[in-house]
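Peer 1: Structure in structure tokens, see below.
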Amino acid sequence: MARSRTALLVLLALLAAPARAGAAQDSPFRTPGMPRAPQPAANPDAHQDPSQTSRFDSSFNPAFSFVVDTALDHTSTDGGAEDGFDARLRVLEFSAQAWVDPTAWAYFSAAADEDVVEIEEAAIHYTGLGGTSTLRAGRFFNDFGKQMQTHVHELRTLERPLVLRTYLGDELAGDGLQWDAWAASGDATVVRWSLGAFRSLLGESEDEDLPAAVVAERKDAEDMHLTARLTGFTEVGAAGVLQAGLSLRAAPDYAFTYAPSGDTVEGLENTVFGLDLTYGWNDASGLTRWTLGGELLQIRGDVGADVTDVGGDGDPTNDTLAIVDDDRSGWLAFADYALDARTNVGAQYSAVELLDGAGSRAGELELYYTLQFSEFHRLRFVASSYESDLDDDSLRFAIQYTALVGAHGHGVNW
Amino acid sequence: MSAPRSALLAAALLALAGPLFAREPLKVVATLPDLADLTQSIGGERVTVTTLCKGSENPHFVTAKPSHLVALSRAELFVQVGLSLESAFVPGLLEQCRNPRIQPGAPGFVSAGQGWTALDVPAQLDRREGDIHPEGNPHVNLAPGGGRHLAARILAGLCRVDPASKPDYEQRHAALLLRLDEAEARWKALAAGWKGRTLVVYHKEYDYLAAASGLTILGSIEPKPGIAPTPGHIAQLVAQVRAHPGTVLVSAVWSFDKHARELAAQTGAPLVELPNMVKGLPGTDTWIAMMDFVHQRLDAALRSAAPAPKAPPSPAGG
């Protein structure tokens, strides 16, 4: 009986060994060459916190959040082709972020609209270089001007300003590396700069009937797409802050391709320059605020491509591309007034020279009223008017309802 | 060289070299002017204190400025109330300033509200309760006993980062406690007649004051912390105030707005504007002066709104 009890204990101990390994983040057993996962502490029983020793729970969970951004709108156009009401989920954004060691934190932000799920950002911030330097690697929104850095649901109006959409795309996210740092100048001025190198910073066209910008996957160092930004902000009086910035986005090598005919033009380049100026003022309570600002952009080089209908036969399969090698400019200006902690009204206007060969023009005016019910959800009413030499003019009324859940935040908008 | 001449020379050398060895004042950054005042009282000339928040602001909605970032990057000691009071602007500033001396857990980081027995600690964290703080009501700076608590934590922080000056800090702290003893006695005397009286507040800032003074808070103009009042909620408050004659309406500097005035107009109850931080109103330049001001102004309002004494019962058949 005693022997059988001992044998039973030995058997239980043998069974418990792999079970214990299984509780760790590694596998219950290992095959040759298998990647090694982080090992549990030498004495896992020494503390109650399983932390990263378990695959299925962790006391070191990152902060999670999600954003639901919805809109109901009515559009009327001159042509009448796209008139009527629409209701849609503009975006569902899901984010997580956490420190991974004393010098680095990582995050991701995925966004889904009605059709696609997209990784908007997934990056690591490394702060161990010392001083105020940060090295960022992965996919992230680029440092261009004030409003390109902002996620769509955090903009002060419904859409990203026309000039930014036209020259930089709805979002300027890239896969790459960026270094930034800041320095104080006196007691109330901060200067900050950044430099980034990316695989591609050109927006992808979803419409196959339009020319698409294409970037080679492998390229020489000088062909990497670049961003640079220099900005300074300083206090003006007791209640004002003035910020000025210079930005650059360079695409030194790319191609245009036209899917219906297969025509491709390689060896193209363009550069976007930006100048931004923002002034914020708040009253003694800090709740009533004025924010005034503007951005001026110029794009130079091979800015776009027109499709030439060869022979005028209407057959796209023999069409060719005519590259627009020119300069184009555009600007935006806005005024935002916060009546109190919960209510904002404002206007934003943007005018732009479009990227077609004829240098057509377009302008967009947006008026908005935002009601912040609490820190975590808001209602916005927007009226916008769009006028263009190329497209139908339109008038749009929209109601946007947005809710933030969890530990949401996209960092400082430098 | 004779002994007196040597002594004279040594004294002259010391006098000349003194400034070379004089230590720069300790650079302290405090979130609230209340903390800045208490720190200055304890630190004296051994500290220079920069304040992030203005006395007239709502500490939940402070806009970060370049000078905040610069001051934090150079600070040797950082003092906040904590309890999530400053969570709107402090975490981002601390992250960006890259000053390891004042990061949470470092010797130069002081959460002065730590250890305070907080009211309104939520049983359940749920945003249906509004912009609540997981650690409870964070407005420790408006508690009559708050100065004493905050000062003790600040003293510990100063001694931690500047142990050489500990005797000086302790001496000044002891002097501050004496002033607090006197002030607390004044406040207690003023509040002696407040027991059983009722208030309606705008935001849940004055709960510690009410609890210490025997005042009852009937309700708040914000239905929940951080939530804008609705017409229905205001109507409910109007009924409550009318049912409790003698109620005083209390707003802070930042919340002295149309909702408070509308409630006062509808009920006839006096509306009193109180500072919620040092320097929020004239005559509140120190923490003790601010709390004196709060007690005096509230006392005046409560006296002016005192309900008429009930008429003695009529004699039978009279």
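Chains A and B supply the protein sequences, listed in that same order. Going by my numbering, the final residue of the first sequence carries number 816, and the count climbs one at a time with no gaps. Going by my numbering, the final residue of the second sequence carries number 382, and the count climbs one at a time with no gaps. Heads up, the beta-carbon is just placed ideally off N, CA and C, and yes, glycines get one too.
Identify every residue that forms a DSSP beta bridge with Arg-261(B).
Peer 2: BP columns for Arg-261(B) are empty, so no partner.
Peer 1: Buried or exposed for Ser-368(B), please, with buried defined as at least 16 other CB atoms from any protein chain shown within 10 angstroms of its CB.
Peer 2: Per the 10 Å Cβ criterion, exposed.
Peer 1: By the DSSP assignment, the alpha helix (DSSP H) with Arg-567(A) in it spans what residues?
Peer 2: Arg-567(A) -> alpha helix (DSSP H) spans 564-570.
Peer 1: Going along chain B in order, which residues have a C-beta closer than 9 Å to the C-beta of Arg-730(A)?
Peer 2: Here the premise fails: no neighbours, minimum Cβ distance about 34 Å.
Peer 1: Which residue from Leu-273(B), Arg-361(B), Val-317(B) and Ser-120(B) puts its Cα closest to that of Pro-202(B)?
Peer 2: For the residues Leu-273(B), Arg-361(B), Val-317(B) and Ser-120(B), the minimum Cα distance to Pro-202(B) belongs to Leu-273(B).
Peer 1: Applying the 10 Å Cβ sphere with the 16-neighbour rule, what's the burial state of Gly-175(B)?
Peer 2: According to the sequence as given, residue 175(B) is Ser; it is not Gly. Ser-175(B) is buried by the Cβ-count criterion.
Peer 1: Looking at the unbroken alpha helix (DSSP H) that takes in Gly-296(B), where does it start and where does it end?
Peer 2: Taken as a continuous stretch (DSSP letters only), the alpha helix (DSSP H) holding Gly-296(B) covers 295-307.
Peer 1: Give the single residue among Asp-665(A), Asp-625(A), Glu-573(A) and Leu-537(A) whose Cα lies nearest to the Cα of Gln-551(A).
Peer 2: When only C-alpha atoms are compared, the closest one is Glu-573(A).
Peer 1: Give the single residue among Tyr-656(A), Thr-529(A), Ile-701(A) and Glu-516(A) whose Cα lies nearest to the Cα of Ala-367(A).
Peer 2: Look at the range of chain A in this structure, 403 to 816, and you will see that residue 367(A) is not part of it.
Peer 1: For the candidate residues Ile-521(A), Asp-711(A) and Tyr-770(A), whose alpha-carbon lies nearest to that of Tyr-803(A)?
Peer 2: Here the closest residue by C-alpha is Tyr-770(A).
Peer 1: Are the C-beta atoms of Phe-635(A) and some chain B residue less than 8 Å apart?
Peer 2: Taking Cβ atoms only, chain B reaches closer than 8 Å to Phe-635(A), which makes this a yes.
Peer 1: Round the Cβ separation of Gly-347(B) and Ala-353(B) to the nearest angstrom and send it over; I've been treating them as touching at under 8 Å.
Peer 2: Rounded, the Cβ-Cβ distance is 6 Å, consistent with contact.
Peer 1: For the structure I just gave you, are there three or more beta carbon pairs, one from the stretch 602-619 of chain A and one from the stretch 652-661 of chain A, closer than 8 Å?
Peer 2: Verdict: yes, contact present.
Peer 1: Is the shortest distance between the beta-carbon of Asn-122(B) and the beta-carbons of chain C less than 8 Å?
Peer 2: The chain labelled as chain C is not found among the protein chains of the depicted structure, namely A and B.
Peer 1: If distances are taken between C-alpha atoms only, which option among Ala-94(B), Glu-109(B) and Ser-105(B) comes closest to Thr-115(B)?
Peer 2: Closest by alpha carbon: Ala-94(B).
Peer 1: Using CA atoms only, rank isn't needed, just tell me which of Ala-749(A), Glu-637(A), Ala-599(A) and Val-502(A) is closest to Gly-540(A).
Peer 2: Selected option, being the one with the closest Cα: Ala-599(A).
Peer 1: Go through the stretch 116-195 of chain B residue by residue and report every complete run of the beta strand (DSSP E) that reaches 3 residues or more, in order.
Peer 2: If we require 3 residues or more, the beta strand (DSSP E) runs fully inside the stretch 116-195 of chain B come out as 141-144 and 173-175.
Peer 1: Could you say if the stretch 136-155 of chain B and the stretch 228-239 of chain B meet the contact criterion of at least three C-beta pairs nearer than 8 Å?
Peer 2: Cβ pair count under 8 Å is below three, so no.
Peer 1: Tell me which residues of the stretch 190-205 of chain B have at least one Cβ-Cβ distance to chain A shorter than 8 Å, keeping chain order.
Peer 2: For the stretch 190-205 of chain B, which is checked against every Cβ of chain A, the residues closer than 8 Å are Arg-191, Gly-194 and Asp-195.
Peer 1: Strictly by DSSP, which residues pair up with Ile-106(B)?
Peer 2: In the DSSP output, where bridge partners are listed per residue, Ile-106(B) has none listed.
Peer 1: Are there three or more Cβ pairs, one per stretch, closer than 8 Å when the stretch 182-193 of chain B is compared with the stretch 237-252 of chain B?
Peer 2: As far as the Cβ criterion goes, the stretch 182-193 of chain B does not touch the stretch 237-252 of chain B, which means the pair count is below three.
Peer 1: Any residues in the stretch 578-610 of chain A with a beta carbon nearer than 7 Å to a beta carbon of chain B? Which ones, in chain order?
Peer 2: Listed in sequence order: Ala-586, Asp-589, Ala-590, Thr-591 and Val-592.
Peer 1: Starting from Gly-283(B), trace the beta strand (DSSP E) in both directions and tell me its first and last residue.
Peer 2: Looking at the DSSP string, the run of the beta strand (DSSP E) that includes Gly-283(B) is 280-284.
Peer 1: Give the residues from the stretch 127-153 of chain B that approach chain A closer than 7 Å (Cβ to any Cβ), ordered along the chain.
Peer 2: Within the stretch 127-153 of chain B, the qualifying residues are Thr-127, Lys-129, Pro-130, Ser-131, Leu-133, Val-134 and Ser-137.
Peer 1: Could you check if Leu-792(A) is buried or exposed, using at least 16 other CB atoms within 10 Å of its CB as the buried criterion?
Peer 2: Classification for Leu-792(A): exposed.
Peer 1: Please name the residues in the stretch 171-186 of chain B whose beta-carbon is closer than 7 Å to at least one beta-carbon of chain A, in chain order.
Peer 2: Cβ contacts with chain A come from no residue of the stretch 171-186 of chain B.
Peer 1: Please report whether the beta-carbon of Lys-118(B) lies at a distance below 8 Å from any beta-carbon of chain A.
Peer 2: Output row for Lys-118(B): interface = yes.
Peer 1: Counting only beta-carbon atoms, is Trp-251(B) nearer than 8 Å to chain A?
Peer 2: Trp-251(B) does not count as touching chain A.
Peer 1: Under the three-state reduction of DSSP, which class applies to Pro-287(B): helix, strand or coil?
Peer 2: Residue state, collapsed to three classes: coil.
Peer 1: For Ala-207(B), is the classification buried or exposed, using 16 other Cβ atoms within 10 angstroms of its Cβ as the cut-off for buried?
Peer 2: Ala-207(B) comes out buried.
Peer 1: For chain A, check one thing: does any of its Cβ atoms lie closer than 8 Å to the Cβ of Arg-162(B)?
Peer 2: Closer than 8 Å to some Cβ of chain A, the Cβ of Arg-162(B) qualifies, so yes.
Peer 1: Is it the case that the stretch 131-140 of chain B contacts the stretch 270-285 of chain B, given that we only count it when at least three CB pairs across the two stretches are under 8 Å?
Peer 2: The stretch 270-285 of chain B, when compared against the stretch 131-140 of chain B, does not touch it at the 8 Å Cβ threshold.
Peer 1: Go ahead and label Lys-118(B) buried or exposed: buried means 16 or more other beta carbons lie within 10 angstroms of its beta carbon, across all protein chains shown.
Peer 2: It is buried - the Cβ of Lys-118(B) has at least 16 other Cβ atoms within 10 Å.
Peer 1: Could you work out which residues of chain A lie near Phe-125(B), taking near to mean beta carbons separated by less than 8 Å?
Peer 2: Near Phe-125(B) (Cβ distances below 8 Å), the residues of chain A are Gly-688, Leu-689 and Ala-743.
Peer 1: Examine chain B for any beta-carbon lying closer than 8 Å to the beta-carbon of Glu-523(A), and answer yes or no.
Peer 2: With 8 Å as the cut-off, Glu-523(A) does not count as an interface residue toward chain B.
Peer 1: With three or more beta-carbon pairs closer than 8 Å as the criterion, would you say the stretch 692-704 of chain A touches the stretch 715-729 of chain A?
Peer 2: Yes, the stretch 692-704 of chain A is in contact with the stretch 715-729 of chain A.
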